[in-house]
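Take the sequence shown: its letters are residues 746 to 872, numbered as in the numbering used here.
All C-beta atoms in this analysis are idealised placements derived from N, C-alpha and C, irrespective of residue type, glycine included.
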Amino acid sequence: MSIFEKVFKGEETVANEITRKAAFRLGKLKENGLRRPLKMVLGAKTQAEEVFRRSYRPKDDPMRLLRDLEPEERSRLKDALMELRERQSQGEDNLIIRDFRVVRKRLQLKWPPFHTYSAVVRAMNGS
């Protein structure tokens with residue numbers, strides 16, 4: 746299954762209409778076997794916009810789609826990565842980069858399943 750078929754799940758005709766001018770891996774091969782980023786050059790800007798508009802769909806796949814960064818954005822991201830690594834080495838955890846800034850992850854509340862609430866409500870109502 747191609748990347749575009751994952752993004753356009755159920756719409757294979759749209760996925761097949763996207764033309765790729767080039768596709769290549771970035772960076773050097775690593776000994777630990779991790780995959781390198783894949784850079785794809787698409788046929789038209791409208792095709793790239795369509796891919797990014799629908800890129801929220803692959804939830805079950807560890808695939809991420811990132812657009813090209815301007816040189817200023819690239820330097821801001823590099824600075825944020827250095828700050829993130831420095832703060833993590835000092836023992837801070839739950840940090841992420843959002844909008845080129847290092848911030849703490851929001852606490853995700855784990856609510857009990859809904860059926861436990863309905864059991865409590867029934868018990869309170871006496872049924």
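Quiz prompt | Endpoints, the alpha helix (DSSP H) within which L840 is located | solution = The sequence position of residue 840 within the sequence shown is 95, counting from 1. It is not in any alpha helix (DSSP H) - L840 instead sits in the beta strand (DSSP E) that spans 840-843.
Exercise. Take the Cβ of V786 as the centre, count every other Cβ of all protein chains shown within 10 Å, and call the residue buried at 16 or more, exposed below.
Key: Taking the sequence shown and counting its residues from 1, the one referred to as residue 786 is at position 41. Its Cβ having fewer than 16 others within 10 Å, V786 is exposed.
Quiz item: Which of the three DSSP states, helix, strand or coil, is assigned to L787?
Solution: Here the question's residue 787 lines up with position 42 in the sequence shown. In the structure shown, L787 sits in a strand (DSSP, three-state: E or B).
Quiz item: Just checking, does the segment 829-845 make contact with the segment 806-815 on the three C-beta pairs under 8 Å criterion?
Solution: No, the segment 829-845 does not touch the segment 806-815.
Practice problem: Taking F749 and A767 to be in contact with their CB atoms under 8 Å, please state how far apart those CB atoms are, rounded to whole angstroms. | Solution: In the sequence shown, the residue the question calls residue 749 occupies position 4. In the sequence shown, the residue the question calls residue 767 occupies position 22. That pair is no contact at about 15 Å.
Practice problem: Please report how far the alpha carbon of F797 lies from the alpha carbon of K754, in whole angstroms. | Solution: Within the sequence shown, residue 797 is the residue found at index 52, counting from 1. Within the sequence shown, residue 754 is the residue found at index 9, counting from 1. For F797 and K754, the distance between alpha carbons rounds to 14 Å.
Quiz prompt | Beta-carbon spacing of G772, R781 below 8 Å | solution = Numbered from 1 along the sequence shown, position 27 holds the residue referred to as residue 772. Numbered from 1 along the sequence shown, position 36 holds the residue referred to as residue 781. Cβ atoms of G772 and R781: closer than 8 Å.
Quiz prompt | Cβ of L840 within 8 Å of any chain B Cβ | solution = In the structure shown, chain B cannot be found, because there is only a single protein chain.
Self-check item: For V848, the residue or residues it bridges with in DSSP
Solution: Translated into the one-based positions of the sequence shown, residue 848 becomes position 103. The partner list for V848 (beta bridge, DSSP) reads I841.
Practice problem: On a CA-only basis, which of F769, L774, R819 is nearest D844? Give me that one, please. | Solution: On the sequence shown, residue 844 is found 99 positions in, with the first residue counted as 1. It is R819.
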